[in-house]
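Have a look at the structure below, then the notes.
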Amino acid sequence: MKFVKVIVPLYLPKALDYQYLDGQPKIGEFVKVNVGKAFVHGVIAEIKNTTDYSGKLKSATPTGFYLAEETLKFFDWVNRYNIAFPGESLRACLVANKVPEDKSYKDAIVLKRLDADKVTKQRQKVLDFLMHNKEPHTKAELAKRLEVSSSVIKTMIEKGFIKEKEVKLVDSVSIEQHVDDITLTDQQIHALGSICTSIDSNAFSPILLDGVTGSGKTEVFFKAMDKILQEDRGQILVLVPEISLTPQLLERFETHFGFKPYGYHSNMTGSAKAKTWHKVLSGEAKVVIGARSALFLPFKSLRFIVVDEEHDNSYKQEDNFKYNGRDMAIVRAKLGNFTIVLASATPSLQTWYNAQTQRFKQIIMANRYGNATLPDVCMIDMKSEKPGTDKFISPSLKSKLTENLEKGNQSLIFLNRRGNAPLLICRTCGHRHSCPSCDVYMVVHGNKMVCHHCGFKEPFPETCPDCKKDDSLFAFGVGTRKIFQELQEYYPNARIGLADTDNIKTNNQMAELIKQVENNEIDILVGTQMIAKGLNFKDLTLVGVVDADMGLNNSDLRAGEQTFQLISQVAGRAGRYDKKGTVYLQSYMPEHEIFDHLKTLDRDGYFNLELKSRKFGNMPPFSKLAAILIKSKNQHSAQRAAMALVQNFPHHNESIDVLGPAPATIFKVRDIYRFRILVKSTINLHKELKHWIASTPVTNDVRIDIDIDPQTLY
Ligand SMILES: [Zn+2]
Ligand SMILES: [Zn+2]
Ligand SMILES: [Zn+2]
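Number 118 in this note's numbering belongs to position 118 of the sequence shown; there are no gaps in the numbering.
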């Protein structure tokens with residue numbers, strides 16, 4: 001008898017032993033196992049002739065499905081790097097902890113013999129249908145479709161006219177027309193050539209495809225994918241931020257390739273996921289477009305990855321299983337020795353730095369398609385502007401807007417904060433209205449108050465909870481809805497649109513908005529970062545950024561970098577066609593260095609400045625960070641655990657800095673108190689960190705989260 005060590009998709013510290021009864025086990029095989037009372041699917045990690053387990057071992061049931069060796073290696077690497085449980089990558093791979101049911105087969109009814117002389121009308125109907133129809137139908141489907149009772153079909157099977165047979169369903173992915181007559185520009189041809197050289201090297205080659213908005217990056221990586229497909233090299237994964245996985249993108253894909261790609265993202269139904277999952281496992285799915293979770297699909301032979309919008313925050317998963325999808329994709333390419341393309345109009349500092357230091361190849365596409373030119377950027381100094389009480393559009397911006405409207409051009413007003421106002425303050429006692437469960441202020445949304453951290457809602461209070469005065473509370477600050485109202489007041493005849501997640505909730509609403517914008521049915525669009533990408537305004541010549549300082553005061557490591565990216569993305573919306581655009585940035589600190597570089601959209605200049613300050617603080621990319629978050633409903637338990645961790649830190653030397661413990665920036669969320677410790681080092685610390693945390697005793701009411709390469713400092 002054989003024994004197997006099985007990795008199970010649960011939060012357990014190690015793999016579990018099982019018996020393997022029939023046949024020869026293989027590493028990577030998916031097996032059905034029981035853990036306690038639950039059954040899950042696990043993967044065989046090791047085959048052994050003995051076991052140390054003293055009790056009676058349960059058995060593992062073979063499934064006949066196998067995880068490729070390379071994929072198994074990748075899962076192991078990701079778990080170790082992120083200090084996750086051994087089953088967490090597998091958990092991300094499976095659908096609800098199981099190998100999903102393969103729906104590409106079904107038990108269809110087929111003809112068996114036709115020699116019956118006397119058949120009833122009902123039976124004849126069934127026979128006729130089966131003779132002329134090739135589409136497989138199950139018993140139930142057939143009965144329903146032909147409106148015959150199920151007993152008719154049952155007797156026909158018994159009498160041997162027809163039988164049930166397992167048939168494979170053919171997936172019709174090809175579409176009729178395949179129009180791809182786009183002629184590449186010289187710039188695109190050059191970029192494509194460079195990517196193809198990397199592909200032909202058959203080695204790990206990370207590439208930064210650094211192209212301004214409108215330079216035609218997508219067409220370039222599509223053509224590179226054509227090469228992979230034509231040469232039948234293996235499977236392709238295109239990762240996109242979840243929000244960009246729109247019907248428009250899929251349609252664009254279909255137009256180029258002439259077939260439908262397999263999609264994969266968290267909002268898909270279980271059966272849609274199951275379908276992609278099995279096609280990926282069997283290798284039939286040549287191309288998958290997915291959000292970060294698609295990285296954990298059971299690829300048979302992955303040979304090319306594109307990470308589109310590589311700078312996007314959503315590649316970082318910050319729930320239970322914390323990992324950076326972009327970085328893990330790079331590791332995946334490294335393990336498989338193939339080419340990965342990181343595409344962006346506004347690359348992250350980290351990727352850009354990797355290109356500057358020759359770790360990545362950099363392909364620059366600096367020219368926009370056609371006649372489009374980059375917009376001018378002007379600062380508006382808010383210290384010398386008087387927008388009026390509770391108004392946020394400066395007189396300067398207002399006069400430019402008026403001018404633009406009169407010319408019949410479109411304008412975009414950007415503010416990355418939805419709702420009416422960020423804060424409710426009492427005029428009498430200064431009370432600030434905060435969430436009862438979190439250490440944050442509630443946000444005003446119409447006639448409601450909402451907590452953006454826990455989702456708690458309550459009606460707009462009429463009296464101040466502190467001083468009990470009536471009508472003393474007022475909404476302070478600004479959100480998109482308030483700007484929308486301010487503009488309606490100034491321009492009652494203009495067609496003004498509002499695009500934020502409160503207003504645009506579905507893909508259809510977004511599609512409708514895109515149509516309105518493209519058909520020139522909107523004069524002024526007010527929106528959050530959801531308008532920073534994807535919208536093509538033909539006549540957009542003015543972009544106003546209401547609060548260009550937003551984000552600069554925030555504690556995130558990448559705050560400055562992201563402000564730069566976001567503003568340049570929004571700026572990139574202007575003048576995409578023939579008309580020249582102008583961008584106005586409202587700021588209370590126009591002398592801030594970031595604006596010197598934003599004025600000329602000088603990304604490299606800004607990055608060099610930012611790198612200097614990172615170097616000075618010994619922050620990434622010059623060091624590695626790990627954030628340890630210590631959480632408990634009991635404030636003292638959390639604090640004690642945090643202190644114990646710091647005291648128990650194994651070795652202090654020059655290359656390691658332990659910062660904290662300190663209360664997290666938002667100390668309380670959903671009634672849970674949070675302390676944080678930052679570990680900064682110039683060497684890889686994964687083993688030490690794991691041992692350190694495991695060996696520090698903490699009380700049961702404390703939970704410790706580890707975030708490797710955190711994006712926020714908590
Ligand atoms: Zn809100
Ligand atoms: Zn009050
Ligand atoms: Zn809350």
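Each residue gets a CB set at the ideal place from its N, CA and C atoms; glycine is no exception. Note that the structure is a prediction, hence the values are computed from the model and not measured.
> Around the Cβ of residue 707, are there at least 16 other Cβ atoms within 10 angstroms (buried) or fewer (exposed)?
Replying inline: buried
>> Taking 7 Å as the cut-off, is the beta-carbon of residue 472 closer than that to any non-hydrogen atom of ligand 2?
In response: yes
> Candidates 682, 641 and 654: which alpha carbon is nearest residue 696's?
Replying inline: 641
>> Given this structure, state the Cα-to-Cα distance separating residue 546 from residue 385, to the nearest angstrom.
In response: 13 Å
> Contact check, residue 286 vs residue 235 under 8 Å by CB: the rounded distance?
Replying inline: 6 Å
>> With the cut-off set at 8 Å, would you say residue 551 and residue 559 are in Cβ contact?
In response: yes
> In terms of alpha-carbon separation, which member of 664, 518 and 548 lies closest to residue 528?
Replying inline: 548
> Under the criterion of a Cβ to heavy atom distance below 7 Å, does residue 437 qualify as lining ligand 3?
Replying inline: yes
> Would you call residue 378 buried or exposed, if buried means 16 or more other Cβ atoms sit within 10 Å of its Cβ?
Replying inline: exposed
> In three-state terms, what does DSSP make of residue 79?
Replying inline: helix
> Where does residue 64 land, buried or exposed, given buried means 16+ other C-beta within 10 angstroms?
Replying inline: exposed
> What three-state label does DSSP hand residue 148 in the structure shown?
Replying inline: coil
> How many angstroms separate the CA atom of residue 297 from the CA atom of residue 360?
Replying inline: 25 Å
>> At a cut-off of 7 Å, would you count residue 457 as near ligand 2, judging by its Cβ distance to the nearest heavy atom?
In response: no
>> By the DSSP assignment, the beta strand (DSSP E) with residue 206 in it spans what residues?
In response: 205–211
>> By the DSSP assignment, the alpha helix (DSSP H) with residue 308 in it spans what residues?
In response: Here residue 308 belongs to no alpha helix (DSSP H); instead the beta strand (DSSP E) covers 302–308.
>> Please identify the residue among 38, 324 and 148 whose C-alpha is closest to the C-alpha of residue 97.
In response: 38
> Between the region 659–667 and the region 590–604, do three or more beta carbon pairs fall short of 8 Å?
Replying inline: no
>> So, with DSSP's three-state summary, where would you put residue 703?
In response: strand
>> With H, G and I counted as helix, E and B as strand and the rest as coil, what does DSSP make of residue 41?
In response: strand
>> Looking at the secondary structure, which residues open and close the alpha helix (DSSP H) in which residue 336 lies?
In response: 325–336
> Excluding the five sequence neighbours on either side, which residues of its own chain have a C-beta within less than 7 Å of the C-beta of residue 330, listed in chain order?
Replying inline: 206 and 340
> Would residue 210 pass as a contact of residue 83 if the rule is Cβ separation under 8 Å?
Replying inline: no
> Candidates 479, 443 and 350: which alpha carbon is nearest residue 562's?
Replying inline: 350
> Exposed or buried, which one is residue 647 when buried takes at least 16 other CB atoms within 10 Å?
Replying inline: exposed
> Would you say residue 431 touches ligand 2, meaning its beta carbon is less than 7 Å from a heavy atom?
Replying inline: yes
> Any heavy atom of ligand 5 closer than 7 Å to the Cβ of residue 382?
Replying inline: With respect to small molecules bound, the structure shown includes ligand 1, ligand 2 and ligand 3 and not ligand 5.
> Just to confirm, does residue 466 get its C-beta within under 7 Å of one of the non-hydrogen atoms of ligand 2?
Replying inline: yes
>> Tell me the residue span of the beta strand (DSSP E) that contains residue 426.
In response: 423–426
>> Under 8 Å, with one C-beta from each stretch per pair, do the region 439–453 and the region 415–422 reach the 3-pair mark?
In response: yes
>> Please state the DSSP three-state secondary structure of residue 716.
In response: Only positions 1 to 714 of the chain appear in this structure, which leaves residue 716 out of reach.
> Taking contact to mean at least 3 C-beta pairs separated by less than 8 Å, is the region 25–34 in contact with the region 42–49?
Replying inline: yes
>> Suppose the cutoff is 7 Å on Cβ atoms and the five residues either side in sequence are ignored; what does the same chain contact list for residue 610 look like?
In response: 349, 560 and 561
> Going by the CB atoms, is the gap between residue 140 and residue 300 shorter than 8 Å?
Replying inline: no
> For residue 127, does the three-state DSSP call read helix, strand or coil?
Replying inline: helix
>> Using 8 Å as the cut-off, can you tell me whether the region 431–439 makes contact with the region 452–460, which would need three or more C-beta pairs spanning the two stretches below that distance?
In response: yes
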